[in-house]
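Below is one structure, written out as structure tokens; comments come after it.
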Amino acid sequence: MTAVRCVDLCKTYRQGEEDIKALDHVSLEIDQGGFVCLSAPSGGGKTSLLNAIGGLDKPDSGEVYIAEQRIDNLSKGELAELRLRQIGFVFQAFNLIPVLTARENVEFVMQVQGVAAAERQKRAVAILEEVGLAGLEDRRPADMSGGQQQRVAVARAIVSRPALVLADEPTANLDSKTSDGLMELFRELNDHHNTTFIIATHDKRVMSYAKRLVSMLDGRVVEDKRQDVDTKQ
Amino acid sequence: MHMVLVLTRLAWRNLWRNHRRTLIMLLAVTLGTWAMIFMTALMRGMVSQMVADGISALPGHVQAHHAEYRDDPSVANPIPISDSELSQRFDAGGFVGWASRVRVPAVITSEYDSRGVTLLGVDPQQERGLTFVDYDTVEGRFLESADDSGIVIGRKLAKTLNTKLGKRIVLMSQDPDNEIADRGFRVVGVFDANVTVYEENYVFAGKTTTQKMLRIGDQVSELFVLGDDFRDVEDAFNKTVELIDGDAEVKRWADIDAYLGAMLNVMDGFVFVWIVVIFLALSFGLVNTLVMAVFERVREIGLMLALGMRPIHILGQIVIESLLLLAIGLALGSALAWAAVQPMKGGVDLSIVGEGMEMWGMSTVLYPELLLSDVILANVVVLVLGFLASLSPAWRAANYEPIEAITKV
Numbered sequence: 006m007t008a009v010r011c012v013d014l015c016k017t018y019r020q021g022e023e024d025i026k027a028l029d030h031v032s033l034e035i036d037q038g039g040f041v042c043l044s045a046p047s048g049g050g051k052t053s054l055l056n057a058i059g060g061l062d063k064p065d066s067g068e069v070y071i072a073e074q075r076i077d078n079l080s081k082g083e084l085a086e087l088r089l090r091q092i093g094f095v096f097q098a099f100n101l102i103p104v105l106t107a108r109e110n111v112e113f114v115m116q117v118q119g120v121a122a123a124e125r126q127k128r129a130v131a132i133l134e135e136v137g138l139a140g141l142e143d144r145r146p147a148d149m150s151g152g153q154q155q156r157v158a159v160a161r162a163i164v165s166r167p168a169l170v171l172a173d174e175p176t177a178n179l180d181s182k183t184s185d186g187l188m189e190l191f192r193e194l195n196d197h198h199n200t201t202f203i204i205a206t207h208d209k210r211v212m213s214y215a216k217r218l219v220s221m222l223d224g225r226v227v228e229d230k231r232q233d234v235d236t237k238q
Numbered sequence: 131m132h133m134v135l136v137l138t139r140l141a142w143r144n145l146w147r148n149h150r151r152t153l154i155m156l157l158a159v160t161l162g163t164w165a166m167i168f169m170t171a172l173m174r175g176m177v178s179q180m181v182a183d184g185i186s187a188l189p190g191h192v193q194a195h196h197a198e199y200r201d202d203p204s205v206a207n208p209i210p211i212s213d214s215e216l217s218q219r220f221d222a223g224g225f226v227g228w229a230s231r232v233r234v235p236a237v238i239t240s241e242y243d244s245r246g247v248t249l250l251g252v253d254p255q256q257e258r259g260l261t262f263v264d265y266d267t268v269e270g271r272f273l274e275s276a277d278d279s280g281i282v283i284g285r286k287l288a289k290t291l292n293t294k295l296g297k298r299i300v301l302m303s304q305d306p307d308n309e310i311a312d313r314g315f316r317v318v319g320v321f322d323a324n325v326t327v328y329e330e331n332y333v334f335a336g337k338t339t340t341q342k343m344l345r346i347g348d349q350v351s352e353l354f355v356l357g358d359d360f361r362d363v364e365d366a367f368n369k370t371v372e373l374i375d376g377d378a379e380v381k382r383w384a385d386i387d388a389y390l391g392a393m394l395n396v397m398d399g400f401v402f403v404w405i406v407v408i409f410l411a412l413s414f415g416l417v418n419t420l421v422m423a424v425f426e427r428v429r430e431i432g433l434m435l436a437l438g439m440r441p442i443h444i445l446g447q448i449v450i451e452s453l454l455l456l457a458i459g460l461a462l463g464s465a466l467a468w469a470a471v472q473p474m475k476g477g478v479d480l481s482i483v484g485e486g487m488e489m490w491g492m493s494t495v496l497y498p499e500l501l502l503s504d505v506i507l508a509n510v511v512v513l514v515l516g517f518l519a520s521l522s523p524a525w526r527a528a529n530y531e532p533i534e535a536i537t538k539v
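Sequence lines, in order, name chains B and C.
Counting in the numbering used here, the final residue of the first sequence is number 238, and the numbers go up one at a time with none missing.
Counting in the numbering used here, the final residue of the second sequence is number 539, and the numbers go up one at a time with none missing.
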């Protein structure tokens with residue numbers, strides 16, 4: 006089954022007097038259970054593609070499908086519902102709500118979804134343990150390191166078992182050990198739950214975990230290759 | 131419903147994120163609410179006292195007169211029912227109080243000066259506690275019976291006439307045949323009133339003595355009735371109309387003294403305007419606080435939108451934050467106003483500005499009047515207008531594009 010399909014996506018931003026082509030006729034199809042890295046130098050279009058797939062930004066032209074549902078023509082409210090139910094997000098920075106504790110941040114999406122309190126708490130505590138944050142449930146973001154915050158964000162992204170997880174430079178602020186731990190976790194979830202991961206990165210270590218590597222340059226897909234992955238890295 | 135809880139928790143936590151700003155705004159709302167309610171209580175007290183003083187001079191909540199009396203308040207226009215007949219009808223009326231009296235214009239003359247006054251021929255037993263004169267504080271004594279031969283005058287008038295207790299004065303008026311009716315009286319009492327004008331304008335003589343002087347037999351010119359509350363006189367009015375049975379004109383106090391009646395209505399409007407004006411001053415601070423709060427949280431708002439929160443939820447969160455702030459301020463302000471009024475319930479002596487107060491017919495003692503309806507009005511107005519004021523920053527927050535907000539530096 007196709008998890009994500011992009012057809013001829015174009016997106017242009019205006020920067021001063023100059024038009025920047027962030028997406029230049031991009032077409033891409035990703036199967037359910039895929040583990041894809043989008044790699045590109047800075048400004049290459051990977052974040053723009055990720056935003057278009059996540060319904061955070063509308064392309065100027067082209068079509069985006071999530072689980073065969075066209076999303077580029079949905080309203081703000083419909084897109085919010087789609088993101089809430091089907092997509093988990095991990096951003097590069099500023100991932101957490103500062104006034105909520107780690108557990109509350111993880112519970113947040115489930116709470117908006119309307120999951121019962123007891124179930125929410127059980128799942129949040131379990132997932133925090135899974136990402137190695139047992140005992141830090143009641144800490145607020147300001148009292149956690151960057152790596153810990155990123156793991157809370159990952160826990161939040163996967164706790165409600167979305168079909169698709171979009172991560173934009175998830176390891177940018179992490180040391181190599183934490184970075185490896187996070188990628189191992191992604192792979193585990195990908196293997197065990199068939200969750201589709203699309204990760205935008207220019208970190209070679211992260212790319213080495215991907216089953217498929219899509220390289221972009223100046224808003225265009227320049228290479229799309231599958232790679233064998235050693236799961237124990 | 132579950133979203134309301136989510137939003138309320140977020141709003142509450144965000145409220146205390148910047149303690150200092152929240153506390154300053156809270157202080158402003160508390161003081162504003164205190165000012166709204168406390169000042170309203172003072173103004174209400176002032177107006178109620180004015181009305182009560184006015185009613186005690188009228189006196190009564192309902193009055194009956196000859197149909198021509200209000201145009202020509204002379205002895206030629208008495209109530210066309212004898213006083214004994216009035217007693218029979220009204221004694222069993224079940225009123226808080228009632229009395230009949232002779233009320234005519236007269237001239238009072240001492241050996242030094244003379245003045246125009248209103249002569250009240252009263253039965254002191256019937257009127258005890260119903261008018262503005264407190265019998266127990268009269269210098270000398272008040273009248274003892276309807277045929278008392280003495281006269282009681284106000285302190286200001288005594289000073290004007292250069293007379294005093296024990297001295298004689300002459301009262302002069304007209305009888306029904308337009309002949310001079312006069313008589314000498316000894317001053318047996320000098321009264322003090324809350325409103326000095328009353329001390330100058332009214333003199334009290336026995337009802338029977340006055341009837342004899344004016345040669346009007348058993349007739350009176352005025353009947354007044356006191357009901358339970360001057361704000362609601364309909365029962366007393368209807369009962370009086372029924373007992374008078376068409377023989378005289380019956381009027382409510384607000385019809386007799388339209389200025390006094392209008393005071394109450396004007397006061398209601400004034401309270402509303404006062405509350406709105408204070409809120410408008412507060413609203414600048416409130417909107418500024420919310421705009422700052424939204425501005426500081428743009429990326430967080432973007433994150434919540436990206437995670438699947440709907441714009442309406444963002445709007446709700448900001449509005450709830452505003453309402454929580456206002457609700458706490460209102461509760462504190464209302465409690466503070468209540469506490470401030472308690473020690474003043476026995477009255478506030480304003481005699482230092484007494485002459486100015488009396489010029490407006492006000493008493494020199496002010497009794498604050500804290501009405502539950504005013505407290506509710508202030509709270510409702512602030513909450514409703516606060517809700518409207520918070521819509522603008524909330525709308526702005528709800529309409530952020532998630533990706534623009536989340537990447538905002």
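Ideal Cβ placement from N, Cα and C applies to all residues, glycine included.
- Around residue 191 of chain B, no beta-carbon contact reaches into chain C at under 8 Å, the shortest distance being about 19 Å.
- With respect to chain B, the C-beta atom of residue 527 of chain C has no partner C-beta closer than 8 Å.
- When only Cα atoms are considered, residue 328 of chain C and residue 249 of chain C end up about 12 Å apart.
- Taking C-beta atoms under 8 Å as the contact rule, residue 59 of chain B and residue 12 of chain B fail to qualify, at a distance of about 16 Å.
- Taking a beta-carbon distance threshold of 8 Å, residue 422 of chain C does not count as an interface residue toward chain B.
- Per DSSP, reduced to three states, the secondary structure at residue 81 of chain B is helical.
- Shortest Cα-Cα distance from residue 377 of chain C to any of C/185, C/135, C/208 involves C/208.
- Shown here for residue 358 of chain C: same chain residues with a beta carbon closer than 7 Å to its own, the five before and five after excluded, namely 226 in chain order.
- Collapsing the DSSP output to three states places residue 40 of chain B in a strand.
- Residue contact with chain C for residue 114 of chain B: present (Cβ-Cβ distance below 8 Å to some residue of chain C).
- Assigned with DSSP and collapsed to three states, residue 214 of chain B falls in coil, not helix or strand.
- For the pair residue 221 of chain C and residue 336 of chain C, the Cα-to-Cα distance works out to about 20 Å.
- For residue 202 of chain B, the enclosing beta strand (DSSP E) covers residues 201-206.
- Setting aside the 5 residues that flank it on each side, residue 30 of chain B is surrounded in the same chain by 13, 14, 15, 67, 225, each with a C-beta closer than 8 Å to its C-beta; the list follows chain order.
- In the three-state reduction of the DSSP assignment, residue 195 of chain C falls in the strand class.
- Here the segment 311-327 of chain C does not lie against the segment 351-366 of chain C, with fewer than 3 beta-carbon pairs under 8 Å apart.
- What residue 536 of chain C touches in chain B, judged by beta-carbon distance under 9 Å, is 61, 96, 99, going in chain order.
- Linking residue 463 of chain C to residue 381 of chain C through their CA atoms gives a straight-line distance of about 42 Å.
- Judged by DSSP in its simplified three-state form, residue 170 of chain B adopts strand.
- Per the coordinates, the alpha-carbon of residue 85 of chain B lies some 36 Å from the alpha-carbon of residue 460 of chain C.
- Interface flag for residue 102 of chain B against chain C is set, since a Cβ pair is found closer than 8 Å.
- With fewer than 16 other Cβ atoms from the protein chains shown falling within 10 Å of its own Cβ, residue 149 of chain C counts as exposed.
- Beta-bridge partners assigned by DSSP to residue 221 of chain B: B/226.
- Under DSSP, residue 153 of chain B takes part in no beta bridge, so it has no partner.
- Taking 9 Å as the Cβ-Cβ cut-off, the segment 433-451 of chain C approaches chain B at 433, 434, 435, 436, 437, 438, 439, 440, 441, 442, 443, given in chain order.
- Under DSSP, residue 228 of chain C shares a beta bridge with C/355.
- Separation of residue 438 of chain C and residue 117 of chain B (C-alpha to C-alpha, rounded to the nearest whole angstrom) is 8 Å.
- For residue 389 of chain C, the enclosing alpha helix (DSSP H) stretches over residues 388-426.
- Within 7 Å of the CB of residue 81 of chain B, the CB atoms of chain C belong to 441, in sequence order along the chain.
- Per DSSP, the unbroken alpha helix (DSSP H) holding residue 128 of chain B starts and ends at 122-135.
- DSSP places residue 98 of chain B outside any alpha helix (DSSP H), giving it a letter other than H or E.
- About 38 Å separates the beta carbon of residue 471 of chain C from that of residue 194 of chain C, a gap too long to meet the 8 Å contact definition.
- In the DSSP annotation of this structure, the continuous segment of the alpha helix (DSSP H) that includes residue 166 of chain C starts and ends at 149-187.
- Along the segment 304-350 of chain C, the beta strand (DSSP E) occurs as fully enclosed runs of 3 or more residues at 310-321, 332-336, listed in sequence order.
- For residue 23 of chain B, no Cβ of chain C is located within less than 8 Å of the residue's own Cβ.
- Under the Cβ criterion of 8 Å, residue 141 of chain B is not counted among the residues facing chain C.
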